[in-house]
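Enquirer: Below is a structure I'd like to ask you about.
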Amino acid sequence: MLEMLLVFPAMNELKKLPFYFYTENGSRDSGNRYLLNEEGDSSRPFVKLRSCSVEINFGNDLENKPFCYDVTKNI
């Protein structure tokens, strides 16, 4: 399972920038952190598939469908 996590800093941390990273089966390679460094930066995932499906988890039902990666490691 491949996950992309987008992390926004707390509102009182104005100097910190949002970033995103990927995990595979709940494990994160510590080197894959990508900063969104300008006001116009955005993350637009693109998925191209043949004969398979994708399920996107925005965290709306974490009790029944939790993230594989422990997102509290980034709080």
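So in the numbering used here, spot 69 of the sequence shown is number 1054, and the numbers just go up one at a time.
Quick reminder that beta carbons are idealized off the backbone N, C-alpha and C, glycines included.
Being a predicted model, the structure only gives us computed values, none of them experimental.
#1: Could you give the first and the last residue of the continuous beta strand (DSSP E) run that contains L991?
#2: Would you kindly check if the distance between the Cβ of Y1007 and the Cβ of M986 is under 8 Å?
#3: Among all the DSSP beta bridges, which residues are the ones paired with E1009?
#4: Kindly list the residues whose CB is nearer than 8 Å to the CB of L1046, restricted to its own chain and excluding five residues on each side of it in sequence; keep chain order.
#5: Excluding sequence positions up to five away, which residues of its chain have a Cβ less than 7 Å from the Cβ of G1011?
Expert: Reading off the structure:
#1: Its beta strand (DSSP E) spans residues 987 to 992.
#2: no
#3: L987, S1012
#4: The residue asked about is misnamed: residue 1046 is Asp in this sequence, not Leu. Closer than 8 Å at the Cβ level, and outside the excluded window around D1046, lies no residue.
#5: C1053, Y1054
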